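>
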Amino acid sequence: MQEQNNTRKKLIIYNTLSREREEFNPINPPHVGLYVCGPTVYGEAHLGHARPAITFDLLFRYLRHLGYKVRYVRNITDVGHLESDADEGEDKILKKARLEQLEPMEVVQHYTNLYHKNMDQLNVLPPSIEPHASGHIIEQQQMVEKILKKKYAYEKNGSVYFDVLRYHKKHKYGKLSGRVLEDLVTNTRSLEGQDEKRNNVDFALWKKAEPTHLMRWPSKWGEGFPGWHLECSAMSMKYLGEQFDIHGGGMDLLFPHHECEIAQSVAVTGRDAVRYWMHNNMVTINGRKMGKSLGNFITLNEMFAGKHELLEQPYHPMTIRFFILQAQYRSTLDFSNEALQAAEKGFDRLMSTVERIEKISPAEKSTWDVKDFINKCYEGLNDDLNSPVMISHLFDAARVINSAADGKETFTAGDLEKLKNHFNLFVFDILGLQQKEKGEDSGLAGGLVELLLKLRQEAKERKDFATADEIRDELNKLGVEVRDVKGGFEWDIV
RNA sequence: GGUCGCGUGGCCGAGUGGCUAGGCAGAGGUCUGCAAAACCUUUUACGGCGGUUCGAAUCCGCCCGUGACCUCCA
Numbered sequence: 004m005q006e007q008n009n010t011r012k013k014l015i016i017y018n019t020l021s022r023e024r025e026e027f028n029p030i031n032p033p034h035v036g037l038y039v040c041g042p043t044v045y046g047e048a049h050l051g052h053a054r055p056a057i058t059f060d061l062l063f064r065y066l067r068h069l070g071y072k073v074r075y076v077r078n079i080t081d082v083g084h085l086e087s088d089a090d091e092g093e094d095k096i097l098k099k100a101r102l103e104q105l106e107p108m109e110v111v112q113h114y115t116n117l118y119h120k121n122m123d124q125l126n127v128l129p130p131s132i133e134p135h136a137s138g139h140i141i142e143q144q145q146m147v148e149k150i151l152k153k154k155y156a157y158e159k160n161g162s163v164y165f166d167v168l169r170y171h172k173k174h175k176y177g178k179l180s181g182r183v184l185e186d187l188v189t190n191t192r193s194l195e196g197q198d199e200k201r202n203n204v205d206f207a208l209w210k211k212a213e214p215t216h217l218m219r220w221p222s223k224w225g226e227g228f229p230g231w232h233l234e235c236s237a238m239s240m241k242y243l244g245e246q247f248d249i250h251g252g253g254m255d256l257l258f259p260h261h262e263c264e265i266a267q268s269v270a271v272t273g274r275d276a277v278r279y280w281m282h283n284n285m286v287t288i289n290g291r292k293m294g295k296s297l298g299n300f301i302t303l304n305e306m307f308a309g310k311h312e313l314l315e316q317p318y319h320p321m322t323i324r325f326f327i328l329q330a331q332y333r334s335t336l337d338f339s340n341e342a343l344q345a346a347e348k349g350f351d352r353l354m355s356t357v358e359r360i361e362k363i364s365p366a367e368k369s370t371w372d373v374k375d376f377i378n379k380c381y382e383g384l385n386d387d388l389n390s391p392v393m394i395s396h397l398f399d400a401a402r403v404i405n406s407a408a409d410g411k412e413t414f415t416a417g418d419l420e421k422l423k424n425h426f427n428l429f430v431f432d433i434l435g436l437q438q439k440e441k442g443e444d445s446g447l448a449g450g451l452v453e454l455l456l457k458l459r460q461e462a463k464e465r466k467d468f469a470t471a472d473e474i475r476d477e478l479n480k481l482g483v484e485v486r487d488v489k490g491g492f493e494w495d496i497v
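Residue numbers for the first sequence follow the working numbering, beginning at 4 and rising by one.
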């Protein structure tokens with residue numbers, strides 16, 4: 004992160020708002036404000052949730068590596084999302100709570116804990132701030148008041164709605180998603196219980212709570228709860244200011260969620276809050292989006308345990324992370340056992356290469372251009388976080404490193420140091436991969452394995468192959484993979 | 001129906017006007033007591049039809065297929 008700045012190009016980000024690649028320039032360097040839509044904690048996180056988490060974790064890690072001071076805000080949505088299949092729009096959290104006879108906040112806590120655990124398993128760094136919607140009711144109410152004061156909202160029967168048509172007269176509603184308001188007005192299906200709205204495109208800022216509704220807060224409009232899109236506007240403004248650099252989330256949130264966020268912020272401040280909008284694409288399964296409503300999702304816990312009818316085996320969290328990073332974030336990524344298994348093998352290869360770098364001895368000459376490799380990796384990342392391109396260069400390096408470990412390629416001490424540092428930097432610090440843990444008490448077990456393999460080595464030397472093979476076969480049965488290398492051995496717990 | 005996107009070899013997945021992406025799988029080989037690993041070589045591509053161009057997977061048009069959003073959704 005120090006001396007190569009001259010060779011490094013700028014980070015390019017695809018901005019959904021402009022539909023173009025743009026050079027990233029923060030508003031107040033070296034500070035960067037990053038807001039990402041987090042999970043709705045009414046169910047277990049699935050493979051689809053891993054995608055934005057890992058995508059923006061990569062961005063977070065890379066921005067920090069580039070020397071930016073990043074405040075990364077990722078919210079927890081624990082109130083306010085209405086469910087369309089319920090008769091009069093029931094809070095999702097509430098519905099689940101009733102089903103399981105739990106306090107709503109108990110459900111929230113349960114799934115939040117699970118989410119954190121899964122993120123930790125995926126080596127996703129915690130954000131700088133993780134605000135809960137339920138903890139920012141006052142801020143949301145204040146925002147509703149501001150919008151009312153600006154006359155972009157109206158109250159009806161204890162609920163407050165955003166007046167989209169009025170807003171559209173002065174500002175353009177739909178510029179992020181490319182929607183044409185006139186089409187929306189005529190096309191939107193009529194939903195039940197929406198008579199209160201002046202127009203079907205209006206959306207709730209504050210919703211009156213029915214008597215049976217448990218999650219409710221007092222307000223000047225009566226008891227209720229905040230609308231669908233308000234929390235992100237209120238919390239991003241609180242922690243990142245009226246204007247900030249990057250807002251991220253899944254493509255499925257583009258409309259209406261992010262469109263409404265823009266409207267809310269512009270209504271309050273008169274200007275756009277976000278400079279760069281970034282949207283990750285979906286994980287698909289058999290070409291279909293993996294999602295709750297389609298019921299075709301596989302939870303992360305199921306992935307890790309291999310317990311799902313579609314799974315042929317368990318997949319290690321690092322396999323999942325690597326699998327996701329092997330696709331550029333704006334492409335769809337199709338799930339299949341074959342693809343996961345390919346990712347698993349590739350990942351393992353990369354990891355054994357990391358270990359082999361240590362075994363290379365420096366030589367007088369370098370037979371490979373390390374600097375070029377480093378530059379290509381940066382170029383990949385700078386090109387809208389093109390992690391697959393970067394990974395392809397890592398595999399190129401892996402081939403050369405493995406050859407060097409065999410003595411077929413050489414590096415000077417300086418190049419070797421540079422290669423080692425950058426390979427580790429790219430793999431661990433930026434891609435956020437980590438070695439799979441080698442069993443629980445690797446101290447004792449590892450020592451025993453080493454001892455056995457030393458005995459096997461001796462057996463081989465006196466050509467006692469029966470003993471040597473027996474040791475190897477028995478270790479294999481215990482899940483220890485043995486590989487003979489020049490003048491010694493390597494082993495792994497698989 | 002409206003808006004936006006995608007279609008690359010057995011699978012996943014980059015590229016987006018001329019230069020081998022990469023991984024996994026397949027085939028052959030080197031190494032090895034054997035095996036594994038590693039390395040080397042190698043087969044299979046750009047949905048279809050036209051057009052632009054010296055040259056297109058890459059640009060344009062049409063067609064076909066497919067997906068996302070339009071309702072909570074990462």
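All C-beta atoms in this analysis are idealised placements derived from N, C-alpha and C, irrespective of residue type, glycine included.
Keep in mind that this is a model prediction, so the values were computed, not measured.
1) Please report the residue range of the alpha helix (DSSP H) in which residue 426 lies.
2) Check whether the segment 243–252 and the segment 299–316 are in contact - that is, three or more C-beta pairs closer than 8 Å.
3) Taking C-alpha atoms, which residue in 489, 491 and 456 lies nearest to residue 475?
4) Can you tell which of 42, 179 and 270 has its C-alpha closest to the C-alpha of residue 114?
5) Taking DSSP as the reference, what is the three-state secondary structure of residue 26?
6) State buried or exposed for residue 497, treating a residue as buried only when at least 16 other CB atoms are found within 10 Å of its CB.
7) Can you look up residue 111 in the DSSP assignment and give me helix, strand or coil?
8) How would you call residue 387, buried or exposed, if buried means at least 16 neighbouring beta carbons within 10 angstroms?
9) Between 322, 119 and 143, which has its C-alpha nearest residue 309's C-alpha?
10) Helix, strand or coil, according to DSSP, for residue 76 in the structure here?
11) Which runs of the alpha helix (DSSP H) spanning at least 4 residues fall entirely within the segment 270–343, listed in chain order?
12) Is the Cβ-Cβ distance between residue 353 and residue 326 less than 8 Å?
13) Does DSSP put residue 491 in a helix, in a strand, or in coil?
14) Looking only at DSSP bridge pairs, what is residue 486 linked to?
15) Here's the rule I'm using: 16 or more other beta-carbon atoms within 10 Å means buried, otherwise exposed. How should residue 469 be labelled?
16) Residues in the same chain with beta-carbon distance under 6 Å from residue 144, minus the five sequence neighbours each way, listed in chain order, please.
17) What are the boundary residues of the alpha helix (DSSP H) that residue 53 is part of?
18) Quick check: is any heavy atom of the ligand FAD less than 7 Å from the C-beta of residue 421?
19) Kindly list the residues whose CB is nearer than 6 Å to the CB of residue 134, restricted to its own chain and excluding five residues on each side of it in sequence; keep chain order.
20) In the DSSP assignment, the beta strand (DSSP E) including residue 227 goes from what residue to what residue?
21) Taking all protein chains shown into account, do 16 or more other C-beta atoms lie within 10 angstroms of the C-beta of residue 418, making it buried, or fewer, making it exposed?
22) CB residue 384 to CB residue 430, shorter than 8 Å?
23) Within a Cβ cutoff of 7 Å, which residues of the same chain sit near residue 294, ignoring the five residues on either side of it in sequence?
24) Which word fits residue 331, buried or exposed, when buried means at least 16 other C-beta atoms lie within 10 angstroms of its C-beta?
25) Across which residues does DSSP place residue 156 in a beta bridge pair?
26) Cβ of residue 164 within 8 Å of Cβ of residue 155?
27) I'd like the span of the alpha helix (DSSP H) that includes residue 261, first residue to last.
28) For residue 377, which residues from the same chain have a beta carbon less than 6 Å from its beta carbon, with the 5 sequence-adjacent residues on both sides left out?
29) Taking C-alpha atoms, which residue in 161, 166, 141 and 57 lies nearest to residue 152?
30) Around the C-beta of residue 142, are 16 or more other C-beta atoms found within 10 angstroms, so that it is buried, or is it exposed?
31) Does the structure place the segment 56–65 close enough to the segment 269–280 that three or more beta carbon pairs sit under 8 Å?
32) In the DSSP output, which residue or residues are listed as bridge partners for residue 250?
33) Using CA coordinates, which residue listed in 264, 97 and 492 is at the minimum distance from residue 452?
34) Under a three-way DSSP split, which group does residue 386 fall into?
35) Bridge partners of residue 206, per DSSP?
36) Are the CB atoms of residue 215 and residue 245 within a distance shorter than 8 Å?
Let me spell this out:
1) Sequence index remark: in the first sequence, residue 426 carries index 423 (1-based). Note, residue 426: alpha helix (DSSP H), 416–427.
2) No, because fewer than three Cβ pairs between the segment 243–252 and the segment 299–316 fall closer than 8 Å, the two stretches do not touch.
3) As a working note, residue 475 is residue 472 in the first sequence. Shortest Cα-Cα distance from residue 475 to any of 489, 491 and 456 involves 456.
4) What you label residue 114 is simply residue 111 of the first sequence in a count that begins at 1. Minimum Cα distance to residue 114 is reached at 42.
5) Taking the first residue of the first sequence as 1, we reach residue 26 at position 23. In the three-state reduction of the DSSP assignment, residue 26 falls in the strand class.
6) Locating residue 497 in the first sequence gives position 494, counting from the first residue. Exposed is the label assigned to residue 497, since fewer than 16 other Cβ atoms lie within 10 Å of its Cβ.
7) Position 108 of the first sequence, counted from the first residue, corresponds to residue 111. DSSP places residue 111 in helix when its eight states are reduced to three.
8) By one-based count along the first sequence, residue 387 stands at place 384. A buried status is given to residue 387, since no fewer than 16 other beta-carbon atoms sit within 10 Å of its beta-carbon.
9) The residue labelled residue 309 in the question sits at position 306 within the first sequence. Nearest of 322, 119 and 143 to residue 309, Cα basis: 322.
10) Here the question's residue 76 lines up with position 73 in the first sequence. DSSP places residue 76 in strand when its eight states are reduced to three.
11) Within the segment 270–343, the complete alpha helix (DSSP H) runs of at least 4 residues are 303–308 and 320–328.
12) The sequence position of residue 353 within the first sequence is 350, counting from 1. The sequence position of residue 326 within the first sequence is 323, counting from 1. In this structure, residue 326 does not lie closer than 8 Å to residue 353 by Cβ.
13) Here residue 491 is taken as the residue at index 488 of the first sequence, counted from 1. In the structure shown, residue 491 sits in a strand (DSSP, three-state: E or B).
14) Residue mapping note: residue 486 aligns to position 483 of the first sequence, counting from 1. Beta bridge pairing from DSSP links residue 486 with 493.
15) Taking the first sequence and counting its residues from 1, the one referred to as residue 469 is at position 466. Answer is exposed; the Cβ neighbour count stays below 16.
16) Reading the first sequence from its first residue, position 141 is the one you call residue 144. Sequence-distant partners of residue 144 (beyond 5 residues in either direction) whose C-beta falls short of 6 Å from its own C-beta, in its chain, are 222.
17) Translated into positions along the first sequence, residue 53 becomes position 50. It spans 50–68 - the alpha helix (DSSP H) in which residue 53 sits, taken as one unbroken run.
18) In the structure shown, the ligand FAD is absent, as is every other ligand, since no ligand is present at all.
19) By one-based count along the first sequence, residue 134 stands at place 131. Residues 78 and 238 of the same chain have their beta carbon placed closer than 6 Å to that of residue 134, with the five preceding and five following residues left out of the count.
20) Taking the first residue of the first sequence as 1, we reach residue 227 at position 224. In the DSSP annotation of this structure, the continuous segment of the beta strand (DSSP E) that includes residue 227 starts and ends at 227–229.
21) Walking along the first sequence from the start, residue 418 turns up at place 415. Note on residue 418: 16 or more other CB atoms within 10 angstroms of its CB, so buried under the neighbour-count rule.
22) In the first sequence, residue 384 corresponds to position 381, counting from 1. In the first sequence, residue 430 corresponds to position 427, counting from 1. It is not a contact, given that the beta carbons lie outside the stated cut-off.
23) Numbered from its first residue, the first sequence carries residue 294 at position 291. The residues are 51 and 300.
24) Taking the first residue of the first sequence as 1, we reach residue 331 at position 328. Classification of residue 331: buried, given that the 10 Å Cβ count is 16 or more.
25) Looking up residue 156 in the first sequence gives position 153. Looking at the DSSP output, residue 156 shares a beta bridge with 165.
26) Taking the first residue of the first sequence as 1, we reach residue 164 at position 161. Taking the first residue of the first sequence as 1, we reach residue 155 at position 152. Going by C-beta atoms, residue 164 is not nearer than 8 Å to residue 155.
27) Counted from its first residue, the first sequence places residue 261 at position 258. DSSP places residue 261 in no alpha helix (DSSP H); its state is neither H nor E.
28) Indexing the first sequence from 1 puts residue 377 at position 374. Short of 6 Å from the beta carbon of residue 377, and not among the five residues preceding or following it, lie these beta carbons of its own chain, in chain order: 425.
29) In the first sequence, residue 152 corresponds to position 149, counting from 1. The shortest Cα separation from residue 152 among 161, 166, 141 and 57 belongs to 166.
30) The sequence position of residue 142 within the first sequence is 139, counting from 1. Only buried fits residue 142, as 16 or more other CB atoms lie within 10 angstroms of its CB.
31) Result no; under three Cβ-Cβ pairs closer than 8 Å.
32) Position 247 of the first sequence, counting from 1, holds the residue named residue 250. Per DSSP, 38 and 280.
33) By 1-based counting over the first sequence, the position of residue 452 is 449. For residue 452, the closest alpha carbon among the candidates 264, 97 and 492 is that of 492.
34) Counting from 1 along the first sequence, the entry for residue 386 is found at position 383. Strand.
35) Position 203 of the first sequence, counted from the first residue, corresponds to residue 206. DSSP output for residue 206 lists 165 as bridge partner(s).
36) Position 242 of the first sequence, counted from the start, is the residue given in the question as residue 245. Position 212 of the first sequence, counted from the start, is the residue given in the question as residue 215. Taking 8 Å as the Cβ cut-off, residue 245 and residue 215 do not qualify as a contacting pair.
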